[in-house]
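Residue numbers (full-length UniProt numbering): 1 to 159.
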């Protein structure tokens with residue numbers, strides 16, 4: 001498979017995956033663009049891998065995890081929906097969930113996205129993150145415990 005075919009076929013999945021990791025559409029696009037640029041340079045080696053998508057997905061994960069070392073520019077949406085509209089309540093809940101996910105450490109968030117979005121096993125996640133399966137389970141356990149506490153506290157405050 002040529003790089004152009006791979007990129008055309010997998011771009012939507014890579015963008016969705018990066019979006020779930022970063023929580024920001026523009027940040028996700030930057031991550032995927034950077035990864036695909038590097039993947040093009042070493043495409044001959046990547047194409048020979050058993051699963052080129054898994055290889056590139058790991059590159060996306062690593063790029064997301066290393067992004068914290070760089071200065072992040074906060075973007076402002078150009079157009080915002082009317083949040084005071086009654087139909088916006090589910091949207092607010094989604095935003096609250098995104099905020100809770102965004103507050104998790106990056107490794108924990110990556111584990112949750114790989115497990116629940118990509119459907120990977122603990123072994124596959126460990127391989128993707130370059131750690132042990134026990135570390136994956138610990139990250140998942142801590143992340144889910146944090147989310148449970150936060151969701152419970154937020155629902156107790158609501159009328």
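For each residue, glycine too, the CB sits at the ideal point set by N, CA and C.
- Straight across, the Cα-Cα distance linking residue 32 with residue 55 is about 13 Å.
- Residue 17 places its beta carbon less than 9 Å from that of residue 117.
- Assignment of alpha helix (DSSP H) within the stretch 93 to 155, counting only whole runs of 4 or more residues, yields 106 to 116 and 122 to 129 in chain order.
- Contact check for residue 129 against residue 147 fails: the beta carbons are separated by 9 Å or more.
- Contact between the stretch 133 to 152 and the stretch 100 to 112 is present: three or more C-beta pairs spanning the two stretches fall below 8 Å.
- DSSP, read as helix, strand or coil, puts residue 49 in coil.
- A direct Cα-to-Cα measurement between residue 127 and residue 25 gives close to 26 Å.
- Residue 1 counts as exposed, since fewer than 16 other C-beta atoms from the protein chains shown sit within 10 angstroms of its C-beta.
- Between residue 35 and residue 14, the gap from beta carbon to beta carbon is short of 9 Å.
- Distances from the alpha-carbon of residue 46 to those of 112, 125 and 6 put 6 closest.
- If you ignore the 5 residues before and after residue 40, its C-beta comes within less than 7 Å of the C-beta of 3, all in its own chain and listed in chain order.
- Between the alpha carbons of residue 143 and residue 63 lies a distance of about 21 Å.
- Residue 136 and residue 61 have their alpha carbons spaced roughly 14 Å apart.
- For residue 19, the enclosing alpha helix (DSSP H) has its first and last residue at 3 to 22.
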